[in-house]
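Each residue of the sequence shown is one higher than the one before, counting from 58 in the working numbering.
As structure tokens, the structure follows; a few thoughts come after it.
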Amino acid sequence: MEGRTCLLRVDLNVEPGQERNTNRLEAIIPTIRWLLKKGKRVVILSHRGRPRRFDRRLTLRPFAPLLQKKLGQEVVFVPNFNSLKTINYKLKTRIFLLENLRFWPGEEKNDPAFARKLAALGDFYVNDAFAVSHRKNASIVAITKYLPSYSGLRLKEEVGKLGGLLKYTTRPFTVIIGGAKISDKIGVIENFWRKADYFLFGGGPANTFFAAKGLPVGDSLADKNAKFLISNYLNSEKIILPVDVKIHNRQILDIGESTIRSNSAIIRKSRTIIWNGPMGLFEKKGFEKGTVGIWKAILANRKARIVVGGGETVASLRLLGTRRLGVRENIFISTGGGAMLEYLSGKKLPGLEVLK
Ligand code: ADP
Ligand code: MG
Numbered sequence: 058m059e060g061r062t063c064l065l066r067v068d069l070n071v072e073p074g075q076e077r078n079t080n081r082l083e084a085i086i087p088t089i090r091w092l093l094k095k096g097k098r099v100v101i102l103s104h105r106g107r108p109r110r111f112d113r114r115l116t117l118r119p120f121a122p123l124l125q126k127k128l129g130q131e132v133v134f135v136p137n138f139n140s141l142k143t144i145n146y147k148l149k150t151r152i153f154l155l156e157n158l159r160f161w162p163g164e165e166k167n168d169p170a171f172a173r174k175l176a177a178l179g180d181f182y183v184n185d186a187f188a189v190s191h192r193k194n195a196s197i198v199a200i201t202k203y204l205p206s207y208s209g210l211r212l213k214e215e216v217g218k219l220g221g222l223l224k225y226t227t228r229p230f231t232v233i234i235g236g237a238k239i240s241d242k243i244g245v246i247e248n249f250w251r252k253a254d255y256f257l258f259g260g261g262p263a264n265t266f267f268a269a270k271g272l273p274v275g276d277s278l279a280d281k282n283a284k285f286l287i288s289n290y291l292n293s294e295k296i297i298l299p300v301d302v303k304i305h306n307r308q309i310l311d312i313g314e315s316t317i318r319s320n321s322a323i324i325r326k327s328r329t330i331i332w333n334g335p336m337g338l339f340e341k342k343g344f345e346k347g348t349v350g351i352w353k354a355i356l357a358n359r360k361a362r363i364v365v366g367g368g369e370t371v372a373s374l375r376l377l378g379t380r381r382l383g384v385r386e387n388i389f390i391s392t393g394g395g396a397m398l399e400y401l402s403g404k405k406l407p408g409l410e411v412l413k
């Protein structure tokens, strides 16, 4: 790999204005440093948001100075393929950041022609974007046809930690599911149904169970069409639903104090824990206590192997005033939301398959 240019796919999918409040930059720094030791240059690739064409708010440009500061060396932003040709690696610069891949329609279409265009920018390819590896996009899948392709450090770590959960788990094993739609999470429930001892529910999924049991949920967030999805699980003793809830304007918006206590007791005795989905509408003051309670119980358990993932779930860590990626050694905070759920469902992720 010496003297060669690496195309590094990362995940800088950060909301506009939140460039400084993310741990996604931090997560990719070790891989960039590692690649600079091994190769000559790194061209960083990422998407941001779901633009169809150029969208000023979704440019990756603001990340160039931030990366430059963290890496202590020049990072050149490349707005299009023409300017990359102009630069043509004549500069002493070793790090480039290409514009938002989704400004080109070929990215989401997994278009071979676009992948070839990307591939021409480097000599080998590294995927360090676990969170996007469930997507058949040109910079994740098609590109691997044209370049030798490897896993980045962070991606390896994700696959190691999550893969470990698929192989063996120590009991008691608890799966905590909150958030919005149960249909997004049902695969994880199915895959761990026999192995896990407890499934703790909060958020929309808990409401969906209530509705399926014929309990009134008013205007709560619930997947009323998901009844058939959960019918097999409805009456199992493994399913732990909230025993009390917080209601506002005919909506169940959080789990209650007794539920926080009983859930915490289960978390305390568990030795494997998977958590996805906040327990309530934590963004709204007064409805964050359930989510905070689960975090506290999880942070207090130093014996269990714990994996936490999901965009909002991880974001809710800020309620505890900590922004570090690794909270404790026994807790792994996944960078994947949808990708983590698919991986833990036992599905093969297209972006990982092509790295083998
Ligand atoms: P993640 O991104 O962690 O996978 P989801 O996307 O499934 O989680 O859902 C997160 C969202 O669900 C949060 O924005 C949260 O406010 C919302 N939510 C959780 N519980 C409720 C509830 N009871 N009522 C309304 N919204 C809720
Ligand atoms: Mg989400």
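Yeah, the Cβ is synthetic: ideal placement off N, Cα and C, and Gly gets one too.
The model shown is predicted, which means the values in this text are computed figures rather than measured ones.
- L65 is the residue among N282, L65, F344, K281 whose C-alpha sits nearest the C-alpha of R151.
- Per DSSP, R362 is one residue of the beta strand (DSSP E) stretching across 362 to 366.
- N282 sits exposed, since fewer than 16 C-beta atoms from the chains shown fall within 10 Å of its C-beta.
- Distances between the C-beta of P169 and the heavy atoms of ligand 1 are all 8 Å or more.
- Within the chosen limit of 8 Å, ligand 1 reaches the beta carbon of D241 through at least one heavy atom.
- Counting along the chain, no beta strand (DSSP E) covers L291, and no H or E run does either.
- For the options F339, F249, M336, the alpha carbon positioned closest to that of K295 is the one of F249.
- The beta carbons of T392 and N333 sit about 13 Å from each other, so the pair does not count as a contact at 8 Å.
- Taking 8 Å as the cut-off, one finds no heavy atom of ligand 2 near enough to the beta carbon of E345.
- Residue pairing for D185: DSSP places it in no beta bridge.
- Nearest neighbour of Y203 by Cα position, chosen from G96, I297, L374, C63, turns out to be C63.
- Partner residues in the beta bridge of T231, as assigned by DSSP, are Y255, I330.
- Comparing alpha carbon positions, the residue from I330, T348, S288, P136 closest to L310 is T348.
- For Q308, the CB falls within less than 8 Å of some heavy atom of ligand 1.
- DSSP lists H305 as the bridge partner or partners of Q308.
- G271 places its beta carbon 9 Å or farther from that of G236.
- Between the stretch 321 to 328 and the stretch 347 to 365 there are three or more inter-stretch CB-CB distances shorter than 8 Å, so the stretches are counted as touching.
- F120 places its beta carbon less than 9 Å from that of L154.
- Counted as a single uninterrupted DSSP element, the beta strand (DSSP E) harbouring R66 occupies residues 62 to 66.
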